[in-house]
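Data first, discussion second: the structure below is written as structure tokens.
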Amino acid sequence: MTKTKDKKKSNKIINIIRIIFWPAVGLLLLLTVWFFVPVTEHFDFTNGDETSAVRCVLVTDLHSCYYGKNQKNLIKKIDKENPDIVFLGGDIFDDKIDDDNAMIFLEDISKKYKCFYVSGNHEYWSERCEEMKEKVKSLGITVLEGDCETIEVNGRLIDVCGVDDPTRLYERQFIEQLDNAYAKTSDDHFKILLSHRPERTDLYAKYDFDLILSGHAHAGQMRIPFINIGVYAPNQGLFSKYVSGVYTLENGSRLIVSRGLARESTPAPRFFNHPEIVVIDF
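Encoded structure:
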């Protein structure tokens, strides 16, 4: 009699587990697909004055991932925003996926927009970083390696600075690149720094950049909603701070961190963390 009761109790528990398990699996799959869909994030620093506003798009961490035939899904999102400048903030290429998707994307946007590129850690991990840079340069895209270029957009002078990812640099070399780039800026110009790494706020706060544009963190891959903290980001560790959105540094500079576009290149799915392009008006 006891055995029969135990068996019935065991079967009841198994049935409850089944009832919970399969809907949970289905929900997990739906969330995985949903957070695979890219979005566009907008930040407006014009203070309502749009007469001389400049629009830029920040693209990071593409990792040569696939966004439709001829990368049309990604390119359409950028074209829709009609930017004056496109910033390519590192890891546009990958160390495991071939360059085809990245090059299709770069070939298209380089014909339409003024583009600036800096390296990311995966370009260096590929051991082909210089080759990748040459491919980018061949398209007329400016590659910044501790340098600065002044451009005029809508009557405004903008100093665009950029540094290499520090994966293959000593600390002093990374600082030298920052120093060299900043030395070429002017006080009366709008100053932008393009750097793959967001976590080096200790260094960035020593310079008077108006905007610092980064990626790298992938928003912690699995993002904790409502409090904007990533579960784990490279070079930041668990419960990472600089993962997505706008941060004001101690010197007043604004740091903007893109969640990036990595999808099939990462082993873990993205949760509460759509891939994105970032649109900035200033």
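Heads up: the sequence shown at position 150 corresponds to 1470 in this note's numbering, and the numbers run straight through without jumps. Idealized CB from N, CA, C, for every residue including glycine.
Original post:
Under three-state DSSP, which class holds GLY1482?
Top reply: On the sequence shown, position 162 is the one that residue 1482 refers to. Looking at GLY1482 - three-state DSSP - the assignment turns out to be strand.
**OP:** Confirm, please, whether the CB-CB distance from VAL1438 to GLY1482 is below 7 angstroms.
**Re:** Along the sequence shown, one-based indexing puts residue 1482 at 162. Along the sequence shown, one-based indexing puts residue 1438 at 118. Yes. Within cutoff.
Original post:
What do you reckon, are the CB atoms on HIS1594 and VAL1359 nearer than 7 angstroms?
Top reply: On the sequence shown, residue 1594 is found 274 positions in, with the first residue counted as 1. On the sequence shown, residue 1359 is found 39 positions in, with the first residue counted as 1. Against a cut-off of 7 angstroms, the Cβ pair of VAL1359 and HIS1594 comes out as a contact.
Original post:
Just curious, the beta strand (DSSP E) that ARG1492 is in, first and last residue?
Top reply: Stepping through the sequence shown from its first residue, residue 1492 is reached at position 172. For ARG1492, no beta strand (DSSP E) segment is defined; the enclosing uninterrupted segment is the alpha helix (DSSP H) at 1491-1503.
Subject >> Environment of ARG1492 [buried if 16+ CB atoms lie within 10 Å] >> reply: In the sequence shown, the residue the question calls residue 1492 occupies position 172. It is exposed - the Cβ of ARG1492 has fewer than 16 other Cβ atoms within 10 Å.
**OP:** Can you have a look at THR1371 and say buried or exposed, based on whether 16 or more other CB atoms are within 10 angstroms of its CB?
**Re:** Here residue 1371 refers to the residue found at position 51 of the sequence shown. So THR1371 ends up on the exposed side.
Original post:
Do PHE1407 and LEU1382 have their CB atoms nearer than 7 angstroms?
Top reply: Mapped onto the sequence shown, residue 1407 falls at position 87. Mapped onto the sequence shown, residue 1382 falls at position 62. No, they are not a contact pair.
Subject >> Host beta strand (DSSP E) of VAL1406 (start-end) >> reply: Here residue 1406 refers to the residue found at position 86 when the sequence shown is read from its first residue. 1405-1408 is the extent of the beta strand (DSSP E) around VAL1406.
Original post:
Buried or exposed: SER1458, going by 16 or more other Cβ atoms within 10 Å of its Cβ?
Top reply: In the sequence shown, counting from the first residue as 1, residue 1458 sits at position 138. Classification of SER1458: exposed, given that the 10 Å Cβ count is below 16.
Subject >> One or two residues paired with TYR1386 in a DSSP bridge >> reply: Here residue 1386 refers to the residue found at position 66 of the sequence shown. BP columns for TYR1386 are empty, so no partner.
Original post:
To which residues of the same chain is GLY1580 closer than 6 angstroms at the C-beta, ignoring the five residues directly before and after it?
Top reply: Your numbering for residue 1580 matches position 260 in the sequence shown. Only THR1380, ASP1381, GLY1535, HIS1538 meet the Cβ criterion.
Original post:
Going straight from the alpha carbon of PRO1587 to that of ASN1474, what length do you get?
Top reply: Residue 1587 sits at position 267 when you count from the first residue of the sequence shown. Residue 1474 sits at position 154 when you count from the first residue of the sequence shown. When rounded, the distance between both Cα atoms is 43 angstroms.
Original post:
Excluding sequence positions up to five away, which residues of its chain have a Cβ less than 6 angstroms from the Cβ of GLY1440?
Top reply: Start at 1 with the first residue of the sequence shown, and residue 1440 comes out as number 120. Result list for GLY1440: GLY1410, ASP1411, ASP1485, HIS1516, in chain order.
**OP:** For THR1366, I'd like the list of residues in its chain whose CB is within less than 6 angstroms of its CB, leaving aside the five on either flank, ordered along the chain.
**Re:** In the sequence shown, the residue the question calls residue 1366 occupies position 46. Same-chain partners within the cutoff: ALA1373, ASP1601.
Original post:
Taking the alpha-carbon positions, what's the ASP1530 to ARG1375 distance?
Top reply: The count along the sequence shown starts at 1 and reaches residue 1530 at position 210. The count along the sequence shown starts at 1 and reaches residue 1375 at position 55. Distance between ASP1530 and ARG1375, taken at the CA atoms: about 15 angstroms.
**OP:** Return the CA-CA distance between PHE1355 and PRO1545, expressed in angstroms with no decimal places.
**Re:** The residue labelled residue 1355 in the question sits at position 35 within the sequence shown. The residue labelled residue 1545 in the question sits at position 225 within the sequence shown. Inter-residue distance for PHE1355 and PRO1545 is about 13 angstroms (C-alpha atoms, whole angstroms).
Subject >> Secondary structure of ARG1375, DSSP reduced to three states >> reply: Position 55 of the sequence shown holds residue 1375. If DSSP states are grouped into helix, strand and coil, ARG1375 belongs with the strands.
**OP:** Taking all protein chains shown into account, decide if THR1521 is buried (16 or more other Cβ within 10 angstroms of its Cβ) or exposed.
**Re:** Stepping through the sequence shown from its first residue, residue 1521 is reached at position 201. Buried, because 16 or more other Cβ atoms sit within 10 Å of the Cβ of THR1521.
Original post:
If you follow the beta strand (DSSP E) that HIS1362 is part of, which residue opens it and which one closes it?
Top reply: On the sequence shown, position 42 is the one that residue 1362 refers to. Element bounds for HIS1362: 1359-1364.
Subject >> Residue interval of the beta strand (DSSP E) (run including PHE1436) >> reply: For the purposes of this step, residue 1436 is identified with residue 116 of the sequence shown, where counting begins at 1. For PHE1436, the enclosing beta strand (DSSP E) stretches over residues 1434-1437.
Subject >> ALA1344 (DSSP reduced to helix, strand or coil) >> reply: The residue given as residue 1344 occupies position 24 in the sequence shown. Because the pLDDT at ALA1344 is just 49, under 50, the model does not fix this residue reliably, and the value given afterwards should be weighed accordingly. DSSP places ALA1344 in helix when its eight states are reduced to three.
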